[in-house]
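Data first, discussion second: the structure below is written as structure tokens.
Numbering (full-length UniProt numbering), first residue to last: 1 to 234.
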């Protein structure tokens, strides 16, 4: 499969992407802070949350591209400890519904048809939970997007399980899949087939990377094709 670059040069070497946990950072401030792009949420705002980055707007996505920054789509609605629980707990039918929402918001923001969407497992799930519930959520997502456009965010083991069960797609970079690994819950282990690695995660002991008036998580790019909108995968 051929792949040509559109927009920013897509070399994996030393690229850093931001993702947002508290407040949105303006595109020009991200660039000034040395970031090469951002992961943007194609999910609705869950009840009780006041984030200003869900869902991503066309205006914000366009501002990133105008600054020459990469854009990657991700999805998370529910979260442990909230009235809306983790998305994967809703199984296959939940995956269908979430993928439909993600696809709609991705398109509304200007996301291309070839780009993957990374769906979040934002907790320390075990293999039994993966096999009994979470994998079915991803299969529901696959029924809407196709596995080739489905990505996963999670710990190193979840990335490996998803690759093994063929519920996430392959990057056009040989040896890599649509796996976005977080260092959280990974116990220092790395999944070498991932395209992204969340190296800085805002938490009680980690303030994150300062950008303007907010702080962001930091992600390392591990492959030339890491799911960015600006890469033509036709």
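All C-beta atoms in this analysis are idealised placements derived from N, C-alpha and C, irrespective of residue type, glycine included.
Start-to-end residues for the beta strand (DSSP E) that takes in residue i
{"i": "residue 117", "result": "117–120"}
{"i": "residue 211", "result": "209–211"}
{"i": "residue 19", "result": "16–20"}
{"i": "residue 37", "result": "37–41"}
Outcome for residue i when other beta-carbon atoms lying within 10 angstroms are tallied against a minimum of 16
{"i": "residue 10", "result": "With a pLDDT of 49 at residue 10, under the threshold of 50, the predicted position of this residue should be treated as unreliable, though the coordinate-derived value follows. Per the 10 Å Cβ criterion, buried."}
{"i": "residue 58", "result": "exposed"}
{"i": "residue 140", "result": "buried"}
{"i": "residue 55", "result": "buried"}
{"i": "residue 221", "result": "buried"}
{"i": "residue 120", "result": "buried"}
{"i": "residue 193", "result": "buried"}
{"i": "residue 93", "result": "exposed"}
CB-CB length for residue i against residue j, believed under 8 Å
{"i": "residue 52", "j": "residue 17", "result": "So it is not a contact: roughly 19 Å between Cβ atoms."}
{"i": "residue 272", "j": "residue 216", "result": "What is shown of the chain runs 1 to 234, which leaves residue 272 out entirely."}
{"i": "residue 213", "j": "residue 137", "result": "Wrong, their Cβ atoms sit about 35 Å apart, outside the cutoff."}
Boundaries of the alpha helix (DSSP H) in which residue i is found, first to last residue
{"i": "residue 171", "result": "That residue, residue 171, is in no alpha helix (DSSP H); it is neither H nor E in DSSP."}
{"i": "residue 217", "result": "Not the alpha helix (DSSP H): residue 217 falls in the beta strand (DSSP E), residues 214–221."}
{"i": "residue 105", "result": "91–108"}
{"i": "residue 201", "result": "Element bounds for residue 201: n/a, residue is neither H nor E."}
{"i": "residue 114", "result": "Segment: none, residue 114 is in no alpha helix (DSSP H) and carries neither H nor E."}
{"i": "residue 140", "result": "135–145"}
{"i": "residue 161", "result": "156–164"}
Among the options, the one whose alpha carbon lies nearest that of residue i
{"i": "residue 174", "options": "225, 104, 86 and 39", "result": "225"}
{"i": "residue 232", "options": "19, 113, 47 and 79", "result": "113"}
{"i": "residue 168", "options": "150, 118 and 184", "result": "150"}
{"i": "residue 42", "options": "234, 101 and 159", "result": "101"}
{"i": "residue 205", "options": "184, 194, 30 and 223", "result": "184"}
{"i": "residue 74", "options": "188, 15 and 38", "result": "38"}
{"i": "residue 31", "options": "107, 105 and 70", "result": "70"}
beta-carbon residue i near the ligand FAD non-hydrogen atom, thresh 7 Å
{"i": "residue 111", "result": "Looking for the ligand FAD in the displayed structure turns up nothing, as the structure carries no ligands at all."}
Does the region 176–188 come within contact of the region 130–144, defined as at least 3 CB pairs closer than 8 Å?
-> No, the region 176–188 does not touch the region 130–144.
Below 8 Å, can you find three or more Cβ-Cβ pairs linking the region 117–132 to the region 58–68?
-> no
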